[in-house]
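Residue numbers (the numbering used here): 219 to 397.
Quick reminder that beta carbons are idealized off the backbone N, C-alpha and C, glycines included.
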Amino acid sequence: RLRELIGNAKQEAAREIMTEKLLDALLEKSTVNVPDAMWESIAERRLIEVIQEQRQKGKSLEEFAKESGMTVEEYAEAWREKARIHVQRALLVREVFAQEKMSLNNADLNKELVLMASEYEVKPEEMLNMLKKNEAVEELHFRAISRKVADFLIEHADASAPTGGKKASGSGKKKAPAE
């Protein structure tokens with residue numbers, strides 16, 4: 219049972235890495251343009267969460283950043299860059315989903331709910347209740363969309379491209395509108 223869990227975790231990690239590489243290759247060819255305000259608020263919110271987490275551990279942000287080999291400014295900048303890329307990828311995922319005329323059904327949502335519940339080590343019913351309570355059911359939908367797009371990208375990846383590049387079937391490169 220433990221080997222199975224470890225094997226599944228390794229497969230999921232490899233899948234995530236592959237998906238990120240495919241999305242990054244698409245981003246290089248796309249026109250995704252993310253307004254600074256869109257990702258800066260995410261970066262700021264995450265930085266506040268890190269500060270709170272570190273205070274609970276009796277540390278300052280300066281100490282935490284230093285442990286990571288950075289100054290506070292470098293740490294904050296790293297989070298801003300991570301947030302920008304995260305938002306760009308999310309917009310690209312939604313664009314691919316729309317351009318490929320994909321849709322979600324109950325089976326997709328149930329599968330994602332079970333995966334999320336497993337991730338949080340709760341029963342699916344509890345996970346759904348938590349999502350509803352926190353008004354975060356959209357997270358379930360986005361994760362299901364992301365999984366469907368990732369499956370599509372992996373299935374249509376050009377494994378012969380030396381750079382790990384990818385071309386989707388149909389219209390070739392994807393372009394996401396500015397939002």
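Query: Short Cβ contact (9 Å threshold) for Ala308 with Phe370; Result: no
Query: Integer-rounded CB distance, given that Arg302 should sit under 8 Å from Val252; Result: 6 Å
Query: Ala231 burial status per 10 Å Cβ neighbour count (16 or more: buried); Result: exposed
Query: Gln306 vs Val250 beta-carbon contact at 9 Å; Result: yes
Query: Thr237 classed as buried or exposed, judged by whether at least 16 other C-beta atoms fall within 10 angstroms; Result: buried
Query: Residue interval of the alpha helix (DSSP H) (run including Gly225); Result: 220-247
Query: CA-to-CA distance, Trp297 to Ile269, given in whole angstroms; Result: 13 Å
Query: Whole alpha helix (DSSP H) elements within the region 331-374, 4-residue minimum; Result: 342-351, 355-373
Query: Among Asn352, Lys329, Lys351, the one whose alpha carbon lies nearest that of Pro342; Result: Lys329
Query: Own chain, CB closer than 6 Å to Met320, minus 5 neighbours either side, in chain order; Result: Lys366
Query: Contiguous alpha helix (DSSP H) assignments of at least 4 residues, all confined to the region 238-299; Result: 254-274, 279-285
Query: Residue environment, Leu223, which counts as buried when at least 16 other CB atoms sit within 10 Å; Result: exposed
Query: Beta-carbon separation (whole angstroms), Val311 vs Ile363, contact threshold 8 Å; Result: 6 Å
Query: C-alpha distance - Lys275 paired with Glu267, whole-angstrom precision; Result: 13 Å
Query: Through-space distance from Ala375 to Arg332, alpha-carbon basis; Result: Here the sequence assigns Val to residue 332, which means Arg is not the residue at that position. Going by the C-alpha atoms only, they are around 27 Å apart.
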